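Peer 1: The structure that follows is given in the form of structure tokens.
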Amino acid sequence: MKSAGIQQEQYRYEVYLKNAGFILTRGRAGVFKAAMETHGHFTAEDIVKLCVLHKPKISRATVYRSLHEMMEAGVVRGTAFGEKHQVFEHVYDEIPHHHARCIHCHQLFEFKDKGEDVRYRPILAKMGFRILGHEMHFYGVCKDCQEEL
36 MKSAGIQQEQ YRYEVYLKNA GFILTRGRAG VFKAAMETHG HFTAEDIVKL
86 CVLHKPKISR ATVYRSLHEM MEAGVVRGTA FGEKHQVFEH VYDEIPHHHA
136 RCIHCHQLFE FKDKGEDVRY RPILAKMGFR ILGHEMHFYG VCKDCQEEL
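In this text, residue positions in the sequence shown follow the numbering used here: the first is 36, and each later residue adds one.
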């Protein structure tokens, strides 16, 4: 049984698709289901691995395209760390937070958003920029890797 949050996200995704002139195909529905069943951060390749088990199989192209659509619909958000693949996370159960990543072991750390964007909103508003969201990334070396150095 789907949680109310997931049902709301599916509705949001379906409305986005309809407005874009698309429909919720079996492939898109499979990608959506796999993404919603994945906890924490995930990559498109993580979803590809889950969808390969799906009957009928869902193609890699459908996974990447559907995740992009889900991001545009505001169902998932992507976080890039300058690596080959983007990392995604759900929006519906998200507590505002930021990320830090260890450059040695690539472990991802989350820390609470303290409302830093409040300082920048008036500046950007004067520039005619409408903020949809913000994120802060830190790169460094985690405690475990520091001990190994």
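Don't be surprised by glycine CBs; every beta carbon is placed ideally from N, CA and C. Bear in mind that the values here come from a model prediction, so they are computed numbers and not experimental data.
State the Cα-Cα distance for the pair residue 80 and residue 68, rounded to the nearest angstrom.
Peer 2: 15 angstroms
Peer 1: Where in the segment 81 to 134 do unbroken runs of the beta strand (DSSP E), each at least 3 residues long, occur, reported from the N-terminal end onward?
Peer 2: 111 to 114, 122 to 125
Peer 1: Per the contact definition of three or more C-beta pairs closer than 8 angstroms, is the segment 53 to 73 in contact with the segment 149 to 156?
Peer 2: Not touching, per the Cβ criterion.
Peer 1: Tell me, to the nearest whole angstrom, how far the beta carbon of residue 155 is from that of residue 110; I am working on the premise that it is less than 8 angstroms.
Peer 2: So it is not a contact: roughly 25 angstroms between Cβ atoms.
Peer 1: Taking 8 angstroms as the threshold (C-beta atoms), are residue 137 and residue 86 in contact?
Peer 2: no
Peer 1: When the Cα atoms are used, what is the spatial distance from residue 176 to residue 145?
Peer 2: 14 angstroms
Peer 1: When we look at the beta-carbon of residue 163 and count the other beta-carbons within 10 Å, is it buried (16 or more) or exposed?
Peer 2: The residue is exposed, with fewer than 16 neighbouring Cβ atoms inside 10 Å.
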